[in-house]
Amino acid sequence: MSSLQSVERPISTQLLRASLKGREATLAAKEEAFANASAAYLENPSEETRDEQSRCEIARDLAAKKVREKEEELAAAIQREADPANRSFYDATVRERAAVEKWLRTRYDVLAKELGEGIARLAAVNYATRRANQNLPEDAAELDDLEYAVRRSSHGFHGELPATVNLPALEHGKLNHWPIDKVG
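Sequential numbering of the sequence shown, starting at 202, is according to the working numbering.
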């Protein structure tokens, strides 16, 4: 459980039921429009009223198809939510979250401060690197972007983690993080 995993987030049955209700209302409106168009065609069988009846029939059939698709999606979601493995996974996740929360609460301020200071130092050295590369001394090699070099080296991070980690913010060169007791 402690490894990072890609998670597809399924839509909850509550949201699916609401969506189904909306699609059913749309279907009812399309059925009424088709009935009105059919009645208009019976009263005045012209090409114009027949075209309107056909248009309304297609719209009704499309709305009915969307209702069937949403009903199937809801049935699959109900089955998925009833799966005992989901409860087991959920319970394990709750336990792991509690452990990680305890770990993070005891270390957050120190970690955030250290990361913030490190980012500030990195920003300063990257700025200096760009300036140094603009006026290279004779026979001097151009300096690589430090963070890029570290992340791409055999000692750096690999995979998706470097792109997804949310580091603390810096505002005007100072660490800007919010202690949990002040957030609410």
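From the three backbone atoms N, C-alpha and C, an ideal C-beta is built for every residue, glycine too. These numbers come from a predicted model, not from an experiment.
Am I right that VAL268 and ARG218 are in contact with their C-beta atoms under 8 Å? What's the rounded C-beta distance? For this step, residue 268 is matched to residue 67 along the sequence shown. For this step, residue 218 is matched to residue 17 along the sequence shown. Not a contact, Cβ separation roughly 13 Å.
So, are the CB atoms of GLN215 and ALA238 less than 8 Å apart? Sequence index remark: in the sequence shown, residue 215 carries index 14 (1-based). Sequence index remark: in the sequence shown, residue 238 carries index 37 (1-based). Contact flag unset, no.
Rounded straight-line distance, which links the Cα of ARG308 to that of VAL326: Looking up residue 326 in the sequence shown gives position 125. Looking up residue 308 in the sequence shown gives position 107. Roughly 27 Å separates the two Cα atoms.
Expressed to the nearest angstrom, what Euclidean distance is found between the alpha-carbon atoms of PHE290 and ALA260? Taking the first residue of the sequence shown as 1, we reach residue 290 at position 89. Taking the first residue of the sequence shown as 1, we reach residue 260 at position 59. Taking the straight line from one Cα to the other gives about 42 Å.
In whole angstroms, give me the CA-to-CA distance for ILE320 and ALA264. On the sequence shown, residue 320 is found 119 positions in, with the first residue counted as 1. On the sequence shown, residue 264 is found 63 positions in, with the first residue counted as 1. Whole-angstrom Cα-Cα distance: 53 Å.
Kindly indicate which residue of ASP292, TYR349, ASN336 has the alpha-carbon position closest to the one of ARG324. Here residue 324 refers to the residue found at position 123 when the sequence shown is read from its first residue. Rather than Arg, the amino acid found at residue 324 in this sequence is Ala. It is TYR349.
What did DSSP end up calling PRO285 once you bin it into helix, strand or coil? What you label residue 285 is simply residue 84 of the sequence shown in a count that begins at 1. PRO285: helix per DSSP, three-state reduction.
Through-space distance from ALA299 to SER213, alpha-carbon basis: Along the sequence shown, read from residue 1 onward, the residue named residue 213 stands at position 12. Along the sequence shown, read from residue 1 onward, the residue named residue 299 stands at position 98. Taking the straight line joining both Cα atoms gives about 24 Å.
The alpha helix (DSSP H) that contains GLU232, what's its start and end? Numbered from its first residue, the sequence shown carries residue 232 at position 31. Counting along the chain, the alpha helix (DSSP H) containing GLU232 begins and ends at 214 to 244.
Could you check whether SER220 and LYS271 sit closer than 8 Å to each other, using their CB atoms as the reference points? Position 70 of the sequence shown, counted from the first residue, corresponds to residue 271. Position 19 of the sequence shown, counted from the first residue, corresponds to residue 220. Yes. Within cutoff.
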